[in-house]
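2 protein chains.
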Amino acid sequence: MKTVQTINELQNILYSNKGKTIGLVPTMGYLHEGHLALLNKAREENDIVVSSIFVNPAQFGPNEDLDRYPRDIEHDTELATKAGVDFLFVPSATEMYPFESGITIHVGELSTKLCGESRPGHFDGVLKVITKLFHLVQPTKAYFGQKDAQQLAIIETFVNAYNFPVQIERVSTVREADGLAKSSRNVFLSVKERSEAIHLFKGLTVATETWKETKDINEALNRGKSYIEQNTSGKIDYFEALSYPNLQPEFNHAEQILFATAVFFENARLIDNIIVDVKEV
Amino acid sequence: MKTVQTINELQNILYSNKGKTIGLVPTMGYLHEGHLALLNKAREENDIVVSSIFVNPAQFGPNEDLDRYPRDIEHDTELATKAGVDFLFVPSATEMYPFESGITIHVGELSTKLCGESRPGHFDGVLKVITKLFHLVQPTKAYFGQKDAQQLAIIETFVNAYNFPVQIERVSTVREADGLAKSSRNVFLSVKERSEAIHLFKGLTVATETWKETKDINEALNRGKSYIEQNTSGKIDYFEALSYPNLQPEFNHAEQILFATAVFFENARLIDNIIVDVKEV
């Protein structure tokens, strides 16, 4: 595996690999098994695997955890090598953003729900870096985890609306043995919080099971929400059901329903979700 | 030459031409010699030439001339064929914009000057369609006329900031024998206005010559503006000098200065510009 820090070097490498299929796995590093699932799928499906590690300042708000976002490039390099990554792109912030053009991308309505509501500008920043990465790497396929379901929905919509020549691959959430979704932010949980955190997934399961049985969405949301409130010390940011991927509160014609939650703990805000296939219910 | 109306057909054609260099000339049709200069340059420099004809609704304001923008697809087809275009992409509005994603591109400060000031949202709409065309065609080079200098500056900046894998080629303004810049909108001029319209270029020349002699920008702008006011019945929208391509009113360190004007006639708003190379003065 080769680590690449400049756009220039990246372009030279990709130029000499012209004609090959490229799988891209964009990450913010501090890789865990969730990322490995993306890398493994990319490895299976492409000639060349490019992964990026870039803690993108554009997607952090002024009061968010950019500076204390966990980093461990040595461990990441080791994991990426083992996963069969060919090129690990690790640019600096000035390499990615050498100047401010004033030209911006706005997600609009899709960013006003779920995580977007408490993180204004976050998804604009995600699309900013994703646009650049897609143009720099020109991947055949790009891999994203279902854990960040709103991000996935927005990227799928963006790629579709603006005809990016890339196929977006959705990869299922990887969980700890007890059900907690893998996340770089899990390291910020206290021991007590870590034991409580499994109840996000359990609460989501309560909601989806209730919905499958009763088709009563309010009842499903109330039960799921109460479950989390009763079993954790965290503060619920949201607990919602929306059609997927267009994220509307009406889902009479939806093929998929996203049940999603975010919970604030002392030093970490965790998210999780379940997507229910309506036809299979 | 093959005319292509759907994205699907376009993609199939480009797939079967993989590995070849592609020159793209995006137009709104009603082709004139200005466009032909773009097509000729594209023909010289690429294996494949794709031109698009699409009167892009996204770049017209509610009170602008979308409906009466001149169209002549038969004549365009003839000219494009003669110019050696391989594929003429002529999509419908619903083919280009099958749904509204809510995700938008905003030009910001660069769009607040010159033409942007009187056409809010215009350049956002230009970048919307250009992004789609670049993704659909994946050109090696794309050709734009200097006549739309602000558009060119914005596209150059956008491509640079978002790392589009395309090279932007600037092509000099093509003029009538008397100096009037070629434009699809010239057909809307009355006989009297047509004879006056040459004074846009003359006024710009007065300004640039004054600047070269005196280095006094206010004097240059005043003389150029007065010249147009005295010699036409049109109403000046703007007559300005800005650094190019960053469009700032300070140009102590600018390598190029854009002198640009827009003038309203009865049924047409005409634009023209001269870019002065500071080093050569």
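Residue numbers (the working numbering), protein chains in the order written: chain A, 3 to 283; chain B, 3 to 283.
Glycine included, every Cβ here is placed at the ideal spot set by N, Cα and C.
Keep in mind the model is a prediction, meaning the values are calculated, not measured.
Where does L16(A) fall in DSSP's three states?
Residue mapping note: residue 16(A) aligns to position 14 of the first sequence, counting from 1. Three-state DSSP puts L16(A) in a helix.
Secondary structure at S103(A), three-state DSSP: helix, strand or coil?
On the first sequence, residue 103(A) is found 101 positions in, with the first residue counted as 1. In the structure shown, S103(A) sits in coil (DSSP, three-state: anything other than H, G, I, E or B).
Quick one: Cα of I219(A) to Cα of A243(A), how far?
As a working note, residue 219(A) is residue 217 in the first sequence. As a working note, residue 243(A) is residue 241 in the first sequence. Straight-line spacing of the CA atoms in I219(A) and A243(A) works out to 8 Å.
Would you call H201(A) buried or exposed, if buried means 16 or more other Cβ atoms sit within 10 Å of its Cβ?
Position 199 of the first sequence, counted from the first residue, corresponds to residue 201(A). Burial call: buried.
Determine which residues of the stretch 131-143 of chain A have a Cβ less than 7 Å from any Cβ of chain B, and write them out in chain order.
The residues in question are T133, K134, H137, L138 and Q140.
Looking only at its own chain, which residues have a Cβ that is under 8 Å from the Cβ of G63(B), when we skip the five neighbours before and after it?
The count along the second sequence starts at 1 and reaches residue 63(B) at position 61. Cβ neighbours of G63(B) beyond the five flanking positions: R121, P122, G123 and H124.
Boundaries (first-last residue) of the beta strand (DSSP E) holding R271(A)
Residue mapping note: residue 271(A) aligns to position 269 of the first sequence, counting from 1. Per DSSP, R271(A) belongs to the beta strand (DSSP E) from R271 to D279.
Residues within the stretch 144-171 of chain A neighbouring chain B, beta-carbon criterion of under 8 Å:
For the stretch 144-171 of chain A, which is checked against every Cβ of chain B, the residues closer than 8 Å are I156, T159, F160, N162, A163, Y164, N165, F166 and P167.
When A264(A), A199(A), E215(A) and P251(A) are compared against N233(A), the one with the closest alpha-carbon:
The residue you call residue 233(A) lines up with position 231 of the first sequence. Per the Cα distances, A199(A).
Below 8 Å on C-beta distance, what does T106(B) contact in chain A?
As a working note, residue 106(B) is residue 104 in the second sequence. Neighbours of T106(B) on chain A, chain order: I107, H108 and G110.
What would DSSP say about K204(A), mapped onto helix, strand or coil?
On the first sequence, position 202 is the one that residue 204(A) refers to. For K204(A), the secondary structure class from DSSP, reduced to helix, strand or coil, is helix.
Return no unless some Cβ of chain A is closer than 8 Å to the Cβ of S53(B).
Position 51 of the second sequence, counting from 1, holds the residue named residue 53(B). Cβ-Cβ to chain A under 8 Å: no for S53(B).
Going by DSSP, which residues form a beta bridge with P28(B)?
The residue you call residue 28(B) lines up with position 26 of the second sequence. DSSP, once it has assigned bridges, lists S54(B) as partnering P28(B).
Can you list the alpha helix (DSSP H) stretches of 4 or more residues lying completely in the stretch 65-137 of chain A, in chain order?
Listed in chain order, they are 75-84, 95-98 and 116-120.
How would you write the range of the beta strand (DSSP E) that E171(B) sits in, first residue to last?
By 1-based counting over the second sequence, the position of residue 171(B) is 169. Note, E171(B): beta strand (DSSP E), Q169 to V173.
Per DSSP, which one or two residues make a beta bridge with Q258(B)?
Here residue 258(B) is taken as the residue at index 256 of the second sequence, counted from 1. Y246(B) and D279(B), per the DSSP bridge assignment.
Name the residue from N224(B), K237(B), V176(B) and V173(B) whose alpha carbon lies nearest to the alpha carbon of E195(B).
Against the second sequence, residue 195(B) aligns to sequence position 193. Closest option to E195(B), Cα to Cα, is K237(B).
Taking only three categories from DSSP, how would you classify Y145(A)?
As a working mapping, residue 145(A) is identified with position 143 in the first sequence. In the structure shown, Y145(A) sits in a strand (DSSP, three-state: E or B).
Sequence-distant residues of the same chain with beta carbon closer than 8 Å to G205(A), five excluded per side:
Here residue 205(A) refers to the residue found at position 203 when the first sequence is read from its first residue. The residues are G226, K227, Y229, I230, N233, F241 and T263.
Under 8 Å between C-beta atoms, does S103(A) make it to chain B?
To locate residue 103(A), count along the first sequence from 1; it is residue 101. For S103(A), the answer is yes, since a Cβ of chain B falls inside 8 Å of its Cβ.
Give me whichever residues DSSP pairs with Y164(A) in a beta bridge.
By 1-based counting over the first sequence, the position of residue 164(A) is 162. Bridge partners of Y164(A): none, in fact.
Measuring straight from C-alpha to C-alpha, what distance separates H37(A) and F253(B)?
In the first sequence, counting from the first residue as 1, residue 37(A) sits at position 35. In the second sequence, counting from the first residue as 1, residue 253(B) sits at position 251. So the two alpha carbons sit approximately 48 Å from each other.
Is it right to say N58(B) is buried, meaning 16 or more other beta carbons lie within 10 angstroms of its own, or is it exposed?
Numbered from its first residue, the second sequence carries residue 58(B) at position 56. Around the beta carbon of N58(B), 16 or more other beta carbons lie within 10 angstroms, which makes this residue buried.
Between I24(B) and I50(B), how many whole angstroms is the CB-CB distance? I'm expecting something under 8 Å.
Numbered from its first residue, the second sequence carries residue 24(B) at position 22. Numbered from its first residue, the second sequence carries residue 50(B) at position 48. So it is a contact: roughly 5 Å between Cβ atoms.
Please report the residue range of the beta strand (DSSP E) in which K4(A) lies.
As a position in the first sequence, residue 4(A) is number 2, starting the count at 1. K4(A) -> beta strand (DSSP E) spans K4 to V6.
Should the stretch 179-186 of chain A be regarded as contacting the stretch 158-170 of chain A, the criterion being three or more beta carbon pairs within less than 8 Å?
Output reads no: the stretch 158-170 of chain A does not touch the stretch 179-186 of chain A.
Does the structure place the stretch 260-280 of chain A close enough to the stretch 13-24 of chain B that three or more beta carbon pairs sit under 8 Å?
They do not touch, by the three-pair rule.
Please state if the CB of L135(B) and the CB of P251(B) are separated by a distance shorter than 8 Å.
The residue labelled residue 251(B) in the question sits at position 249 within the second sequence. The residue labelled residue 135(B) in the question sits at position 133 within the second sequence. Cβ distance not < 8 Å, so P251(B) and L135(B) don't count as in contact.
Which same chain residues, not among the five before or five after K115(A), have their C-beta less than 6 Å away from its C-beta?
Position 113 of the first sequence holds residue 115(A). The beta carbon of K115(A) is closer than 6 Å to those of L249 in its chain, skipping five residues each way along the sequence.
Count the other C-beta atoms from every protein chain shown that fall within 10 angstroms of the C-beta of K130(A), then say buried if there are 16 or more, exposed otherwise.
Within the first sequence, residue 130(A) is the residue found at index 128, counting from 1. In summary, K130(A) is buried, with 16 or more beta-carbon neighbours lying within 10 Å of its beta-carbon over all protein chains present.
Closest by C-alpha distance to F190(B), when choosing among A60(B), K217(B), Y71(B) and M30(B):
If you number the second sequence from 1, residue 190(B) lands on position 188. Closest option to F190(B), Cα to Cα, is Y71(B).
Would DSSP call A264(B) helix, strand or coil?
Reading the second sequence from its first residue, position 262 is the one you call residue 264(B). Strand at A264(B).
What is the rounded straight-line gap between the Cα of T133(B) and the Cα of Y164(A)?
Locating residue 133(B) in the second sequence gives position 131, where the first residue counts as 1. Locating residue 164(A) in the first sequence gives position 162, where the first residue counts as 1. Near 7 Å, if we compare the C-alpha coordinates of Y164(A) and T133(B).
How big is the Cα-Cα spacing for L223(A) and A209(A)?
By 1-based counting over the first sequence, the position of residue 223(A) is 221. By 1-based counting over the first sequence, the position of residue 209(A) is 207. Whole-angstrom Cα-Cα distance: 6 Å.
Give the straight-line distance between the Cα atoms of H255(A) and V280(A), rounded to the nearest whole angstrom.
By one-based count along the first sequence, residue 255(A) stands at place 253. By one-based count along the first sequence, residue 280(A) stands at place 278. Between H255(A) and V280(A), the C-alpha separation is close to 9 Å.
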